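All residue numbers for the sequence shown refer to full-length UniProt numbering, where the first residue is 1 and numbers rise by one.
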Amino acid sequence: MASNPNVSVVEGMDINPEEAECAGWIEVASKKKKLAERADCNAGNAPTSATGSGKGGSRTAASQNVLRRVVKASRIPNLPRDHFKTIIRPRGGMDVKKTDLLIFKRSLAKAASLTAEQVFDDTLCTNPFQNIFVVATPFEANARAYARVQEISMGSTVIGLAAYVAASDNTCKGVIRGINVDLSDAELTEMIVNRRNPDALGVRRIKKTPTVIVLFDGQKVPQHVVCDGVRYTCSLYRRQVDVCYACGDLGHRSDVCPKGDEQKKCRGCGMQSPSPDHQCDPTCAICGGAHPTADRKCRKRFQMPYIVRQRRRRRRRRARRGSDTAGGEEGLAEEESFSSAHRSRSASRGRSRSRGRSGSKSRSRSRGRDKGSSRSRSRGRSGSKGRVQKQMSWADKARMNIPSGQKVTQGILPEQK
């Protein structure tokens with residue numbers, strides 16, 4: 001589906017990441033995959049799998065470095081783009097770095113009622129920085145089964161899970177506010193996902209709030225969304241930097257924190273195992289401000305959206321191409337000017353030589369008729385036409401034994417002696 005050329009990207013608002021995902025975007029991901037497969041079939045090309053990937057305003061170098069590390073470590077591992085991706089968040093302090101992934105995958109398949117043959121093409125990987133699991137599968141049924149799992153058994157241990165299907169690639173999220181809380185997601189989908197909003201793919205409400213997330217096809221968020229004939233302002237969804245309120249670390253949240261109580265620290269000053277009545281002068285690890293890390297007062301707690309990074313990257317590439325083109329044109333102009341000057345000098349030399357030869361021939365013919373008069377006339381003609389007068393140096397005069405007071409403007413040809 002082509003993006004509307006009249007839309008533009010606008011600034012975003014503060015939304016909790018897990019709330020934005022809600023129950024997942026399984027229907028939308030399925031719809032986009034079917035559309036992509038249909039387009040490939042119409043074009044006569046078989047579907048191919050490609051690997052996908054996952055700072056804003058004015059920031060100091062330190063804050064940019066912190067955010068750069070957080071954003072880079074928070075990206076979902078490279079997985080086939082045409083696969084459904086299910087995010088699994090473990091509960092109860094489970095550490096994905098210390099988990100036996102083979103046993104976890106088998107336990108997950110068992111909890112999802114899937115056989116070994118059904119999950120043969122599925123891929124499990126982890127993001128240790130966020131302490132989450134990611135399962136990629138080419139089958140919609142498997143993705144739905146994984147998203148329904150709430151707990152698994154690994155030996156004698158029962159582990160709680162929260163799973164949802166992530167939005168598909170080449171999509172972006174927008175936020176609209178002030179929507180009646182009595183409207184269900186199905187009703188909102190019917191009101192928004194229609195021809196009035198050609199790029200809208202799905203709708204999810206954030207819990208019981210009047211804020212609604214709208215998923216759009218492509219990399220542009222429209223400025224407005226029409227819901228049942230009412231026009232609402234739509235803003236770009238911006239993800240916050242995850243911060244754990246339990247251990248104070250950046251990158252994950254407290255619901256998936258793998259650290260115990262002995263590793264907890266103050267989110268303001270970083271003190272290990274603070275007492276309940278602990279008081280301190282907080283310092284934000286992101287911006288250095290006098291507030292807890294990633295507090296609502298921090299204006300630098302947002303990650304730069306992917307579509308904004310992509311847009312700026314395109315602008316930089318265009319600027320580089322423009323500068324390279326300008327430099328090439330300038331060099332070409334200089335080369336052309338040098339070549340034209342060289343050609344003009346060569347042409348003037350050729351004309352001088354041709355005039356000199358013609359003058360010599362005329363002098364030879366005139367000498368046969370009248371030596372005395374022709375010599376003077378040939379000298380006059382050669383001086384005015386064929387040769388350029390040149391002042392001789394002192395050394396040339398000395399070699400020719402010419403008195404210093406005499407002015408010599410040209411040499412005497414041998415045939416003129």
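All C-beta atoms, glycine included, are put in the ideal place defined by N, C-alpha and C. Treat the numbers as computed from the prediction; the structure is a model and nothing was measured.
Residue 164 in three-state terms, based on DSSP: strand
Report yes or no: do the segment 182–201 and the segment 149–164 share at least 3 C-beta pairs separated by less than 8 angstroms? no
Indicate whether residue 105 and residue 136 have their beta-carbon atoms separated by less than 8 angstroms. no
Taking only runs that begin and end inside the segment 154–212, name each unbroken beta strand (DSSP E) of 3 or more residues, in chain order. 157–165, 171–176 and 200–205
Contacting residues, own chain, Cβ-Cβ under 6 angstroms from residue 111 (five flanking each side not counted): 149 and 152
Give the secondary structure of residue 302 by DSSP, where H, G and I count as helix, E and B as strand, and everything else as coil. strand
Beta-bridge partners of residue 151, as assigned by DSSP: 160
Would the beta-carbon of residue 176 fall within 8 angstroms of that of residue 214? yes
May I ask you to report which of helix, strand or coil DSSP gives residue 272? strand
Local conformation of residue 89 per DSSP, three classes: strand
Near residue 109, which residues of its chain fall below 6 angstroms by C-beta distance, leaving aside the five closest residues on each side in sequence? 119
In angstroms, rounded to a whole number, what distance separates the CA positions of residue 132 and residue 252? 9 angstroms
Local conformation of residue 286 per DSSP, three classes: coil
Are the Cβ atoms of residue 101 and residue 79 separated by less than 8 angstroms? no
Report the rounded CA-to-CA distance for residue 220 versus residue 172, giving the unit in angstroms. 7 angstroms
DSSP beta-bridge partners for residue 231? 226
Kindly identify the DSSP beta-bridge partner or partners of residue 216. 172 and 200
Going by Cα to Cα distance, which pick from 197, 248, 203 and 246 is closest to residue 223? 197
Sorted by chain position, which residues of the same chain lie with C-beta nearer than 7 angstroms to residue 280's C-beta, five sequence neighbours on each side aside? 266, 268, 269 and 271
Look up residue 130 in the DSSP assignment and say whether it is helix, strand or coil. coil
Spatial neighbours of residue 245 within its chain, please: CB distance less than 7 angstroms, with the 5 preceding and 5 following residues excluded, ordered by chain position. 254 and 267
Which residue wins for smallest C-alpha separation from residue 207, given the options 232, 216, 181 and 257? 181
Exposed or buried, residue 278, counting other C-beta atoms within 10 Å across all chains shown (16 or more means buried)? exposed
Excluding the five sequence neighbours on either side, which residues of its own chain have a C-beta within less than 7 angstroms of the C-beta of residue 142, listed in chain order? 114, 118, 119 and 122
If you reduce the DSSP assignment to three classes, tell me which class residue 141 lands in. helix
Cβ-based burial, residue 260 [other Cβ within 10 Å; buried from 16]: exposed
Residue 255 by DSSP, collapsed to three states: which one? helix
Residue environment, residue 293, which counts as buried when at least 16 other CB atoms sit within 10 Å: buried
Using 10 angstroms around the beta-carbon of residue 87, count the other beta-carbons present and answer buried if the total reaches 16, otherwise exposed. buried
Roughly how many whole angstroms lie between the Cα atoms of residue 285 and residue 82? 37 angstroms
What residues match up with residue 280 in a beta bridge as DSSP calls it? Looking at the DSSP assignment, residue 280 forms no beta bridge with any residue, so it has no partner.
Straight-line Cα distance separating residue 249 from residue 90: 17 angstroms
I believe residue 216 touches residue 228 by the beta-carbon criterion, under 8 angstroms. Please report the beta-carbon distance rounded to the nearest angstrom. Not confirmed; about 18 angstroms, so no contact.
So for residue 250, helix, strand or coil by DSSP? strand
Where residue 302 and residue 296 are concerned, what is the direct C-alpha to C-alpha distance, given to the nearest angstrom? 10 angstroms
For residue 265, which residues does DSSP report across the bridge? 272
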